[in-house]
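**Student:** Submitted below is the structure of interest, expressed as structure tokens.
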Amino acid sequence: MTDQHTLAPIISRPPKIVELKQLDTSTLNKLISGEVLAIRVPEFANAKTSARLNDAIDEAAALEPYNHETYEDGRVVQHFYGVHRWGTPFNSTYGKAAGSDAQHKYYADAAHMRGLIDSICAPEKPPIEQLMDCLQEVWPTGAATAAFQGPPMFCGIIRAMFPETAHLSETVPHVDCLPHSIAELDHQFSANIYLQTPPSGGELIIWDTEAFAYEEVKRFEGAQLPEHRLQTPLRIRPRKNELVIINTRRPHAICGFDSGKRISMQSFIGYTPGEPFYFWC
Ligand SMILES: O=C(O)CCC(=O)C(=O)O
Ligand SMILES: [Fe+2]
Numbered sequence: 002m003t004d005q006h007t008l009a010p011i012i013s014r015p016p017k018i019v020e021l022k023q024l025d026t027s028t029l030n031k032l033i034s035g036e037v038l039a040i041r042v043p044e045f046a047n048a049k050t051s052a053r054l055n056d057a058i059d060e061a062a063a064l065e066p067y068n069h070e071t072y073e074d075g076r077v078v079q080h081f082y083g084v085h086r087w088g089t090p091f092n093s094t095y096g097k098a099a100g101s102d103a104q105h106k107y108y109a110d111a112a113h114m115r116g117l118i119d120s121i122c123a124p125e126k127p128p129i130e131q132l133m134d135c136l137q138e139v140w141p142t143g144a145a146t147a148a149f150q151g152p153p154m155f156c157g158i159i160r161a162m163f164p165e166t167a168h169l170s171e172t173v174p175h176v177d178c179l180p181h182s183i184a185e186l187d188h189q190f191s192a193n194i195y196l197q198t199p200p201s202g203g204e205l206i207i208w209d210t211e212a213f214a215y216e217e218v219k220r221f222e223g224a225q226l227p228e229h230r231l232q233t234p235l236r237i238r239p240r241k242n243e244l245v246i247i248n249t250r251r252p253h254a255i256c257g258f259d260s261g262k263r264i265s266m267q268s269f270i271g272y273t274p275g276e277p278f279y280f281w282c
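Residue numbers (our numbering): 2 to 282.
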């Protein structure tokens with residue numbers, strides 16, 4: 002018998018984290034089917050645009066805590082995991098009545114931030130709009146700003162992490178899932194375009210497990226996800242100006258770091274067959 006027969010066959014599995022020069026339809030289909038866990042597009046953001054955004058964030062941005070919601074006893078509970086934000090996220094309206102101050106503030110801030118970010122990036126488009134333009138080209142049903150409640154939503158919040166509190170996210174894997182009362186989506190993805198990355202650390206970890214359904218997410222009272230769904234972590238060390246798209250109903254977490262900053266422009270992306278990719282944050 003030759004060596005060849007005694008060796009176990011080498012099975013080459015397709016990569017679960019795919020790096021592309023530009024987005025394409027077939028890889029987006031694999032992200033939707035779950036075959037691919039993350040798409041990376043290095044050098045996605047125009048370097049001048051991200052420099053303009055970074056200057057504005059350093060000089061002018063009023064950063065606030067970006068809380069993450071969980072559902073406990075049917076109530077929405079907000080947790081701080083070390084992420085700050087510039088702009089108002091849609092989850093600030095969760096658990097608040099229609100017509101509440103929180104809802105008015107969300108839509109007013111969305112309009113304000115849209116104008117402000119556009120003027121900072123001009124003459125270029127903001128990186129999130131650049132992504133919508135790409136999807137418009139490569140995806141049959143295109144991409145659109147979500148308007149789940151009527152008015153256009155915000156796309157492209159600025160998320161900022163600093164060494165002092167970044168570690169808070171590391172030990173708490175989370176999932177992001179829009180309540181069904183707002184829209185029934187088949188999948189929820191997020192796009193992060195990194196404007197600043199720390200010299201070391203700050204990895205995005207995504208667990209290789211089935212994406213959670215909304216009903217399951219609601220059932221996890223508090224912040225703990227079941228341990229058996231947290232067995233196979235895959236690590237992504239984001240690079241400056243890189244775009245990373247993941248399914249946010251899979252558990253994910255962000256590692257701490259000791260120096261520098263970790264800043265991204267982010268949007269959620271909703272998917273329902275036959276409809277455009279809907280952007281909101
Ligand atoms: O900052 C990151 O790398 C991931 C952010 C995140 O949790 C998300 O986009 O849902
Ligand atoms: Fe997330």
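C-beta: ideal position from N, C-alpha, C; glycine also. Quantities reported herein were computed from a predicted structural model and do not represent experimental measurements.
(1) Quick one: what's got a C-beta closer than 7 Å to Gly202's C-beta in the same chain, skipping five residues either side?
(2) Given this structure, state the Cα-to-Cα distance separating Met154 from Gly96, to the nearest angstrom.
(3) Considering only heavy atoms of ligand 1, does any lie closer than 7 Å to the CB of Ser191?
(4) What do you reckon, is the C-beta of Thr249 under 7 Å from a heavy atom of ligand 1?
(5) Reducing DSSP to helix, strand and coil, say where Val77 ends up.
(6) Given this structure, state the Cα-to-Cα distance separating Ala109 from Ile11, to the nearest angstrom.
(7) In whole angstroms, give me the CA-to-CA distance for Ile118 and Ser13.
(8) If you check the beta carbons only, do Val245 and Phe213 fall under 8 Å apart?
(9) Under the three-state reduction of DSSP, which class applies to Pro227: helix, strand or coil?
(10) Mind listing, in chain order, the continuous beta strand (DSSP E) runs of no fewer than 3 residues lying wholly within the segment 205–272?
(11) Would you decide whether Phe190 is buried or exposed? Buried here means 16 or more other CB atoms lie within 10 Å of its CB.
(12) Per DSSP, what kind of secondary structure is Thr146 in: helix, strand or coil?
(13) Using alpha carbons as the reference points, say which of Thr166, Thr172, Ala123 and Pro252 lies closest to Val84.
(14) For the candidate residues Pro199, Ala161 and Glu216, whose alpha-carbon lies nearest to that of Leu182?
(15) What do you reckon, are the CB atoms on Thr198 and Arg263 nearer than 8 Å?
(16) Going by DSSP, what residues sit across from Phe280 in a beta bridge?
(17) Shortest alpha-carbon distance to Ala144 belongs to which of Gly271, Met266 and Pro16?
(18) Check whether the segment 38–54 touches the segment 125–132, taking contact to mean three or more Cβ pairs, one atom from each stretch, closer than 8 Å.
(19) Is Phe149 close to chain B? Criterion is C-beta to C-beta, closer than 8 Å.
(20) For Ala206 versus Ser265, is the C-beta spacing smaller than 8 Å?
(21) If you reduce the DSSP assignment to three classes, tell me which class Gly287 lands in.
(22) Answer yes or no: the CB of Asp110 versus the heavy atoms of ligand 1, is any distance below 7 Å?
(23) Does DSSP put Gln197 in a helix, in a strand, or in coil?
(24) Based on the DSSP secondary-structure assignment, which residues constitute the bridge partners of Val139?
(25) What are the partner residues of Pro66, as DSSP defines its beta bridges?
(26) In the DSSP assignment, find the alpha helix (DSSP H) that holds Ile121 and state where it starts and stops.
(27) If we call anything under 8 Å between Cβ atoms a contact, is His80 one with Thr94?
(28) Quick one: is Glu243 buried, meaning 16 or more other Cβ sit within 10 Å of its Cβ, or exposed?
(29) If we require 3 or more residues per run, which beta strand (DSSP E) segments fall completely within the segment 17–47?
**Tutor:** In this structure, then:
(1) In the sequence shown, counting from the first residue as 1, residue 202 sits at position 201. If we look at Gly202 and ignore the five residues flanking it on each side, its Cβ neighbours are Cys256, Gly257, Phe258 and Asp259.
(2) Numbered from 1 along the sequence shown, position 153 holds the residue referred to as residue 154. Numbered from 1 along the sequence shown, position 95 holds the residue referred to as residue 96. Those two C-alpha atoms are separated by around 18 Å.
(3) Walking along the sequence shown from the start, residue 191 turns up at place 190. The beta carbon of Ser191 sits closer than 7 Å to at least one heavy atom of ligand 1.
(4) The sequence position of residue 249 within the sequence shown is 248, counting from 1. Checking every heavy atom of ligand 1 against the Cβ of Thr249, one is found closer than 7 Å.
(5) Along the sequence shown, one-based indexing puts residue 77 at 76. Of the three classes helix, strand and coil, the one that applies to Val77 here is strand, per DSSP.
(6) Stepping through the sequence shown from its first residue, residue 109 is reached at position 108. Stepping through the sequence shown from its first residue, residue 11 is reached at position 10. Distance between the alpha carbons of Ala109 and Ile11: 57 Å.
(7) Looking up residue 118 in the sequence shown gives position 117. Looking up residue 13 in the sequence shown gives position 12. Using only the alpha carbons, I get a separation of about 44 Å.
(8) Within the sequence shown, numbered from 1, the residue matching residue 245 stands at position 244. Within the sequence shown, numbered from 1, the residue matching residue 213 stands at position 212. No.
(9) Looking up residue 227 in the sequence shown gives position 226. Pro227: coil per DSSP, three-state reduction.
(10) Correct list: 205–208, 234–237, 244–248, 253–255 and 263–272.
(11) The count along the sequence shown starts at 1 and reaches residue 190 at position 189. With 16 or more Cβ atoms within 10 Å of its Cβ, Phe190 is classed as buried.
(12) One-based indexing of the sequence shown puts residue 146 at position 145. Strand, per DSSP.
(13) In the sequence shown, counting from the first residue as 1, residue 84 sits at position 83. With distances taken between Cα atoms, Val84 lies closest to Thr166.
(14) Here residue 182 corresponds to residue number 181 of the sequence shown, with the count starting at 1. In the sequence under discussion, the amino acid at residue 182 is Ser, which differs from the Leu named in the question. Cα-wise, what sits closest to Ser182 is Glu216.
(15) As a position in the sequence shown, residue 198 is number 197, starting the count at 1. As a position in the sequence shown, residue 263 is number 262, starting the count at 1. In contact: Thr198 and Arg263 (Cβ atoms closer than 8 Å).
(16) Translated into positions along the sequence shown, residue 280 becomes position 279. Beta-bridge pairing links Phe280 to Thr146 and Ile270.
(17) Translated into the one-based positions of the sequence shown, residue 144 becomes position 143. Of Gly271, Met266 and Pro16, the residue nearest in Cα terms is Gly271.
(18) yes
(19) As a matter of chain content, chain B is missing from the structure shown, which is built from one protein chain.
(20) For this step, residue 206 is matched to residue 205 along the sequence shown. For this step, residue 265 is matched to residue 264 along the sequence shown. Reading the sequence as shown, one finds Ile at residue 206 and not Ala. Not closer than 8 Å, so no.
(21) With the chain covering only 2 through 282, there is no way to say anything about residue 287.
(22) Translated into the one-based positions of the sequence shown, residue 110 becomes position 109. Flag unset: Cβ of Asp110 not near ligand 1.
(23) Numbered from 1 along the sequence shown, position 196 holds the residue referred to as residue 197. Reduced to three states, the DSSP call for Gln197 is strand.
(24) Here residue 139 refers to the residue found at position 138 when the sequence shown is read from its first residue. Answer is none; Val139 lacks a bridge partner.
(25) Stepping through the sequence shown from its first residue, residue 66 is reached at position 65. Answer is His85, bridged to Pro66.
(26) Numbered from 1 along the sequence shown, position 120 holds the residue referred to as residue 121. Unbroken alpha helix (DSSP H) run through Ile121: Asp102 to Cys122.
(27) Sequence index remark: in the sequence shown, residue 80 carries index 79 (1-based). Sequence index remark: in the sequence shown, residue 94 carries index 93 (1-based). Contact flag unset, no.
(28) Mapped onto the sequence shown, residue 243 falls at position 242. Under this definition Glu243 is a buried residue.
(29) 18–20 and 39–42
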